[in-house]
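Numbering (my numbering), first residue to last: 65 to 259.
A short worksheet on the structure shown next.
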């Protein structure tokens, strides 16, 4: 029970995307992602075990998918193709989540710090650096999401399970989600508390 409570405490808050990759588990080949390796967006976890997220193409690396002339409310004169481009490169979803098979580093039941570290992207910029996050330094386990709302209609009432691991005093976490012979790996950085 201590492990699950610790993991929940680590999740609660707001997270930004560091990077995301889609990999063929048979060949090891990286596959193109609709939002690039460096997506924009935010995901938020509540203590009441709800999660919501929005992920979009990156304004800097993929500006062609982020037309700046669109605004709300939309106008009848807006180009449908531009709205379609935004929709094709964006996804938002939300709903409850459950944590399962939670373990703490070393197999113990001792509490580990969550969110008390630097909150920086320590050593991982995604370009030329070696990946420093080998082996969880915080809770790890499985997250089961049940999305009750989503911009993509096929994701309404959709169940998604992901493996998770925490690092850097619970200021960085990774989600790994398997879709057949493809795995999506997404790294998140804790966002500072908003005052």
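Note that beta-carbon positions come from the ideal geometry of N, C-alpha and C, so glycine has one too.
Just so we're clear, the structure is a prediction, and the values are computed from it rather than from any experiment.
- request: Put residue 213 into one of helix, strand or coil per three-state DSSP.
  value: Strand.
query: In the structure shown, what three-state DSSP assignment does residue 153 receive?
result: Note: residue 153 maps to coil in three-state DSSP.
query: Taking buried to mean at least 16 other C-beta atoms within 10 Å of its own C-beta, is residue 229 buried or exposed?
result: Residue 229 comes out buried.
task: Just the C-alpha distance for residue 147 and residue 121, rounded to the nearest angstrom, thanks.
output: Going from the Cα of residue 147 to the Cα of residue 121 covers about 14 Å.
message: Just to check my reading of the structure: residue 89 and residue 246 have Cβ atoms closer than 8 Å, yes? What is that Cβ distance to the nearest angstrom?
response: About 7 Å separates the two Cβ atoms, so the contact holds.
- request: Let me know the secondary structure DSSP gives residue 256 once reduced to three states.
  value: When DSSP states are grouped into helix, strand and coil, residue 256 belongs to the coil group.
- request: Identify whether residue 97 lies in helix, strand or coil by the three-state DSSP scheme.
  value: Correct three-state label for residue 97: coil.
message: Using only the alpha-carbon positions, how far apart do residue 149 and residue 124 sit?
response: If you take the alpha carbons of residue 149 and residue 124, they lie about 16 Å apart.
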